[in-house]
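Here's the structure, in structure tokens; my notes come after.
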Amino acid sequence: MDEAKRLVELIPRLRRYARALVGERATADDLVQDTLERAWAKLHLYRRGTDLRAWLFTVMHNVHVNRVRATRPVDPLEDEMPELAQRGTQADALLVRDLDRAIARLPADQRAVLLLVTLEEMSYEEVARTLGIPIGTVMSRLSRAREKLRALLGEPPSAKLKLVK
Amino acid sequence: MNDPINEADLQAYADGRLSEERRKAVEAWLAARPEEGERIAAYRRLAAEVRAAYDTMLSEPVPPRLAQVAARRPQWRRVAAVAGWIAVGIAIGAPAGWQARQERTVVQAVPETTIFARRAAIAHATYSPEVRHPVEVGADDEQHLVNWLSKRLGIKVRAPKLDDAGMSLVGGRLLPGENGPVAQFMYQSQNGRRLTLYLRTEASHNRETAFRYARENNVGVFYWIDRDCAYALASADVSKEELLRLANLVYKQLEGS
């Protein structure tokens, strides 16, 4: 099964995206686990020759949306504590925490677009396909996400941002 | 290409995705507008920071539980956590209309369930080492135990049967909780490993959550809410995987009860 092998190879990327998306490790891996289980179950629906990564991230997106609706938020500290030791340097941890906090404050739909573009380096078309939204929406969400992130992380906001629809 | 530069061009420029020609046009445009130039430069810095922060995940070893999902693919149904089932069920039940609701679901609250899980772990650590008095009412009087706890909690309580998983009921006790009485059932394996199920009534009815895992010192806890009841299954003697398997058994037996 080529797809099966490829799917396994994509696990680290799923974990990276999930980690940035939900802001902490344990929930991120829960999300990845649910995604893999669903992907295994639905692999027959995947059309060979199409982009497996985009398909997998679509599965993850759907699972995530449903999880957010079906579950209560987890106290990040609770699950994070035992694993802090595995983290990199203190400075890295601080940077990650600031980013986690800022990213968590983005509206969910903007967050997904920003992370698929930035981390997965998907083309805007791929992001549109993955999330099932028009490309114009991808661009406007990306623009809003970046401006908000910049404001949250203390970069001076552009004085007069012309918002282009 | 004399099209005016728009915001989408600027975003694509920040991502380095413009054609050579368009890139030069944007650069010329930005050169005349230092403020916009600074904004786009900031976007680039942010993107680099985001990548730097999360790229470490790529070089980390995949946790065993995720590798296991892949390895056990043919039996995936057996190992699927209830969390997955709930997500799947909802995916089938409500495919549309999520976008409108998405905005309000990201509100973060300090979950009271976290306190619940912690209390379950503490209760486990308190009573599971007891040799002579691990429970108030023993399994030999299970009917009385269940009736008593049901009466005090105000809902019908059942002690799940875990004998097939090698855990037999020792008995149970009533404990004080945050908002009223809590019940604890204790189980024990032949070689003395202990497991407790901690449960309380749930005020917000008809709510379901996925399994959550927490650890308090050496006590692992899987906890979840199913309609009228919140459950926490705790043990210091079994692995996380084994505890999850037991939690699945408990969940299946008590589902909707």
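Protein chains in written order, with my numbering: chain R, 848 to 1012; chain S, 20 to 276. Every residue gets a Cβ at the ideal spot worked out from N, C-alpha and C, and that includes glycine. This structure is a prediction, so every number in the text was calculated from the model and none was measured.
Residues of chain S with CB closer than 8 Å to the CB of residue i, please, in chain order.
{"i": "A873/R", "result": "Y232"}
{"i": "R853/R", "result": "Neighbours of R853/R on chain S: none; closest Cβ ~11 Å, over 8 Å."}
{"i": "R895/R", "result": "Ordered by position in chain S, no residue passes the 8 Å Cβ test against R895/R, which lies about 18 Å from the chain."}
Can you tell me whether residue i is buried or exposed, with buried defined as 16 or more other CB within 10 angstroms of its CB?
{"i": "E856/R", "result": "exposed"}
{"i": "Q880/R", "result": "buried"}
{"i": "V906/R", "result": "buried"}
{"i": "Q209/S", "result": "exposed"}
{"i": "A72/S", "result": "buried"}
{"i": "D247/S", "result": "buried"}
{"i": "A886/R", "result": "buried"}
{"i": "H911/R", "result": "buried"}
{"i": "N237/S", "result": "exposed"}
{"i": "K995/R", "result": "buried"}
{"i": "R853/R", "result": "exposed"}
{"i": "S38/S", "result": "exposed"}
With distance defined between alpha-carbon atoms, name the residue in the options nearest to residue i.
{"i": "L216/S", "options": "V81/S, D74/S and A251/S", "result": "A251/S"}
{"i": "W243/S", "options": "P195/S, K259/S, A266/S and A67/S", "result": "A266/S"}
{"i": "A222/S", "options": "Q207/S, K180/S, S38/S and G173/S", "result": "G173/S"}
{"i": "A51/S", "options": "I24/S, G157/S and Q162/S", "result": "I24/S"}
{"i": "F135/S", "options": "L168/S, L218/S and D28/S", "result": "L218/S"}
{"i": "L989/R", "options": "E40/S, Y270/S, V45/S and L65/S", "result": "L65/S"}
{"i": "V960/R", "options": "D876/R, A949/R and E973/R", "result": "E973/R"}
{"i": "D245/S", "options": "V269/S, A253/S, S258/S and K259/S", "result": "V269/S"}
{"i": "L861/R", "options": "E850/R, A875/R and K852/R", "result": "A875/R"}
{"i": "R171/S", "options": "E40/S, A202/S and P179/S", "result": "A202/S"}
{"i": "L181/S", "options": "E26/S, V69/S and L262/S", "result": "L262/S"}
{"i": "P200/S", "options": "D28/S, S38/S and R138/S", "result": "R138/S"}
{"i": "Y232/S", "options": "L868/R, R872/R and A865/R", "result": "R872/R"}
{"i": "D947/R", "options": "K852/R, R997/R, R866/R and A851/R", "result": "R866/R"}
{"i": "Q87/S", "options": "F904/R, H908/R and L883/R", "result": "L883/R"}
{"i": "L903/R", "options": "V869/R, P859/R and V915/R", "result": "P859/R"}
{"i": "S987/R", "options": "G1001/R, V964/R and L1000/R", "result": "V964/R"}
{"i": "R976/R", "options": "K852/R, L899/R, L953/R and R863/R", "result": "L899/R"}
{"i": "R993/R", "options": "V45/S, V69/S, V240/S and R264/S", "result": "V69/S"}
{"i": "V257/S", "options": "D28/S, G56/S and Y206/S", "result": "Y206/S"}
{"i": "D183/S", "options": "E260/S, E161/S, R264/S and A140/S", "result": "R264/S"}
{"i": "G239/S", "options": "T133/S, W48/S and A44/S", "result": "T133/S"}
{"i": "A998/R", "options": "S254/S, R58/S, L29/S and R41/S", "result": "R58/S"}
{"i": "D229/S", "options": "P954/R, R914/R and V985/R", "result": "The amino acid at residue 229/S is misidentified as Asp; the sequence shows Ala. Comparing Cα-Cα distances from A229/S to each of P954/R, R914/R and V985/R, the minimum goes to R914/R."}
Hey, is residue i's beta-carbon within less than 9 Å of any beta-carbon in chain S?
{"i": "A932/R", "result": "With a pLDDT of 33 at A932/R, under the threshold of 50, the predicted position of this residue should be treated as unreliable, and no value is reported."}
{"i": "L892/R", "result": "no"}
{"i": "R914/R", "result": "yes"}
{"i": "A975/R", "result": "no"}
{"i": "R993/R", "result": "yes"}
{"i": "L899/R", "result": "no"}
{"i": "E884/R", "result": "yes"}
{"i": "W902/R", "result": "no"}
Name, please, each residue of chain S whose Cβ falls closer than 7 Å to the Cβ of residue i.
{"i": "V1019/R", "result": "The first residue shown for chain R is 848 and the last is 1012, placing residue 1019/R beyond what the model contains."}
Is the CB of residue i under 9 Å away from at least one CB in chain R?
{"i": "A27/S", "result": "yes"}
{"i": "L262/S", "result": "no"}
{"i": "Y146/S", "result": "no"}
{"i": "T124/S", "result": "Its pLDDT being 35, under 50, T124/S is placed unreliably by the model, and nothing is read from it."}
{"i": "R120/S", "result": "Confidence at R120/S is low in this model, with a pLDDT of 37, below 50, so its placement is unreliable and the value that follows should be read with caution. At least one chain R Cβ lies under 9 Å of R120/S."}
{"i": "E274/S", "result": "no"}
{"i": "S78/S", "result": "yes"}
{"i": "A229/S", "result": "yes"}
Interface residues of chain R around residue i at Cβ under 9 Å?
{"i": "Q30/S", "result": "V964, Y971, M986, L989, S990 and R993"}
{"i": "D74/S", "result": "R863 and L966"}
At a CB-CB cut-off below 7 Å, which residues of chain R make contact with residue i?
{"i": "A266/S", "result": "Result: empty, since nearest Cβ-Cβ is about 13 Å, beyond 7 Å."}
{"i": "A66/S", "result": "T965"}
{"i": "V81/S", "result": "I858 and P859"}
Can you pull the chain R residues whose beta carbon is under 8 Å from the beta carbon of residue i, in chain order?
{"i": "R84/S", "result": "D876 and Q880"}
{"i": "L216/S", "result": "Those do not exist, as L216/S stays about 20 Å from chain R at its closest Cβ, beyond 8 Å."}
Within the present structure, is the beta-carbon of residue i separated from the nearest heavy atom of the ligand NAD by less than 8 Å?
{"i": "S970/R", "result": "The ligand NAD is not among the ligands present in this structure, which contains no ligands whatsoever."}
Using a cut-off of 9 Å between C-beta atoms, extract the partners of residue i located in chain S.
{"i": "L996/R", "result": "Y62, L65 and V69"}
{"i": "L942/R", "result": "E68, A71 and A72"}
Count the CB pairs spanning the region 886-893 of chain R and the region 942-952 of chain R that are closer than 8 Å, and state whether there are at least three. no
Assess, as a yes-or-no matter, whether the region 143-156 of chain S is touched by the region 190-204 of chain S under the definition of 3 or more beta carbon pairs within less than 8 Å. yes
Taking beta-carbon pairs under 8 Å, can you tell me which members of the region 50-62 of chain S lie near chain B? Here chain B cannot be found, since the structure's protein chains are R and S.
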